[in-house]
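Single-structure report; data block below.
See below:
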């Protein structure tokens, strides 16, 4: 079952969470599914002697009252709440968050490059205050990733059974540099309508260099991240190494990245015209009031920039 449904019951945003809005789940339905999940969970754990592994990225920013509510719930059904919290260097984390935000159509790329976002590691403070340090295990994500995160978390909680045969159910695929630019273009043309599952599926098929941030953005993150990195070291004794970015694009300035966008779109559109991109069809988009493909060609190929009418 989808653990994220518990946002309705335990997260401070409750049924008003953007998750339910994006999934087009009405508030009443979100509340019903959450209660149904808890009812099934309580039934399954009766007489159960093992551990419950509850995994959802939406609980990273819980506030103290919600943490205490979650703690009380599990205590009432016979379990002690412990937290495994994975931390990444802010540069790596922001790169991932920006990639995901553009893929989901949440923000424009230019805005994110000028004002990068990432979940601050100091979000751990409420967990410390509500549960105490002895019930929190902090793990560097870079270390776990080399082992496979799904195996690492099982090892971290003391699971000693076989793990080689455990199958990954879902992998969150990051977009390449070309795909990020294409997703950003979709949003510029269509606004919120660009958020489309079919679009995301086709975007993940666009290959090329991996998405990296320009030096200007990396410098911003590096400066802003100092307090949280010091806090993490003081509180948990963990030093996060800055990631090594092995890409020519990492040395590009923002204007140079814009030129890369133009080249990427030119190559992609040429591939569509010649049939080379048959495995990557045009995206399934709501029909706009003007021909999208022709407009992309006209604005990108002739003027070298994205500008023009909006639907």
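Numbering (our numbering), first residue to last: 983 to 1293. For each residue, glycine too, the CB sits at the ideal point set by N, CA and C. Computed from a predicted structure; not experimentally measured.
Beta-bridge partners of residue i, as assigned by DSSP
| i | result |
| --- | --- |
| residue 1028 | The partner list for residue 1028 (beta bridge, DSSP) is empty, contrary to what the question assumes. |
| residue 1067 | 1120 |
| residue 1158 | 1192 |
Residue i - DSSP class collapsed to helix/strand/coil
| i | result |
| --- | --- |
| residue 1118 | strand |
| residue 1102 | coil |
| residue 1005 | coil |
| residue 1263 | Since pLDDT at residue 1263 reaches only 41, below the 50 mark, its modelled position is unreliable, and the value read off the structure follows with that caveat. Residue 1263: coil per DSSP, three-state reduction. |
| residue 1141 | coil |
| residue 1084 | helix |
| residue 985 | helix |
| residue 1078 | helix |
| residue 1047 | helix |
| residue 1033 | coil |
| residue 1062 | coil |
| residue 1203 | helix |
| residue 1225 | coil |
| residue 1186 | coil |
| residue 1258 | The predicted model places residue 1258 with a pLDDT of 49, which falls under 50 and marks its position as unreliable, so this point remains unresolved. |
| residue 1219 | coil |
| residue 1168 | helix |
| residue 1109 | helix |
| residue 1090 | coil |
| residue 1038 | coil |
| residue 1147 | coil |
Residue i versus residue j: straight-line alpha-carbon distance, rounded
| i | j | result |
| --- | --- | --- |
| residue 1001 | residue 1220 | 31 Å |
| residue 1138 | residue 1245 | 45 Å |
| residue 1052 | residue 1013 | 16 Å |
| residue 1063 | residue 1192 | 38 Å |
| residue 1214 | residue 1155 | 28 Å |
| residue 1086 | residue 1098 | 16 Å |
| residue 1142 | residue 1135 | 12 Å |
| residue 1093 | residue 1036 | 34 Å |
| residue 1044 | residue 994 | 7 Å |
| residue 1058 | residue 986 | 21 Å |
| residue 1273 | residue 1168 | Bear in mind that a pLDDT of 41 at residue 1273, under 50, signals an unreliable position, so the number given afterwards is only what the model happens to contain. One C-alpha to the other measures close to 13 Å. |
| residue 999 | residue 1083 | 16 Å |
| residue 1031 | residue 996 | 30 Å |
| residue 1091 | residue 1166 | 6 Å |
| residue 1055 | residue 1017 | 13 Å |
| residue 1218 | residue 1195 | 28 Å |
| residue 1208 | residue 1216 | 12 Å |
| residue 992 | residue 1211 | 28 Å |
| residue 1197 | residue 1010 | 46 Å |
| residue 1042 | residue 1170 | 30 Å |
| residue 1203 | residue 1106 | 19 Å |
| residue 1100 | residue 1190 | 25 Å |
| residue 1040 | residue 1147 | 27 Å |
| residue 1096 | residue 1227 | 19 Å |
| residue 1183 | residue 1159 | 15 Å |
| residue 1021 | residue 1005 | 22 Å |
Contacting residues, own chain, Cβ-Cβ under 8 Å from residue i (five flanking each side not counted)
| i | result |
| --- | --- |
| residue 1124 | 1070, 1071, 1074, 1222, 1223 and 1225 |
| residue 1276 | Note that residue 1276 has pLDDT 47, beneath the 50 cutoff, so the model's placement of it is unreliable and the number below is only indicative. Excluding residues within five positions, none has a Cβ falling inside 8 Å. |
| residue 1140 | 1033 |
| residue 1015 | 987, 990 and 1007 |
| residue 1122 | 1068, 1069, 1070, 1220 and 1222 |
Same chain, Cβ closer than 7 Å to residue i, neighbours up to 5 away in sequence not counted
| i | result |
| --- | --- |
| residue 1292 | At residue 1292 the pLDDT is 37, less than 50, meaning the model places this residue with poor confidence; the figure from the coordinates comes in the next sentence. Within the same chain, residue 1292 has no close Cβ partners at all. |
| residue 1255 | Confidence at residue 1255 is low in this model, with a pLDDT of 49, below 50, so its placement is unreliable and the value that follows should be read with caution. Counting only Cβ-Cβ distances below 7 Å, and skipping sequence neighbours, we find nothing. |
| residue 1049 | 1108, 1109, 1112 and 1113 |
| residue 1145 | 1133 and 1136 |
| residue 1104 | 1210 and 1213 |
| residue 1200 | 1073 |
| residue 1089 | 1083 |
Check: residue i C-beta below 7 Å from any heavy atom of the ligand NAP
| i | result |
| --- | --- |
| residue 1061 | No copy of the ligand NAP occurs in the structure displayed, which carries no ligand at all. |
Own chain residues within Cβ distance below 6 Å of residue i, not counting five before or after
| i | result |
| --- | --- |
| residue 1065 | 1109 and 1118 |
| residue 1038 | 985 and 986 |
Minimum Cβ-Cβ distance from residue i to chain C less than 8 Å
| i | result |
| --- | --- |
| residue 1110 | Considering every chain present, this structure includes no chain C. It has just one protein chain. |
Evaluate contact between the region 1075 to 1085 and the region 1026 to 1033, counting only Cβ atoms and requiring at least three cross-stretch pairs below 8 Å. No contact exists between the region 1075 to 1085 and the region 1026 to 1033.
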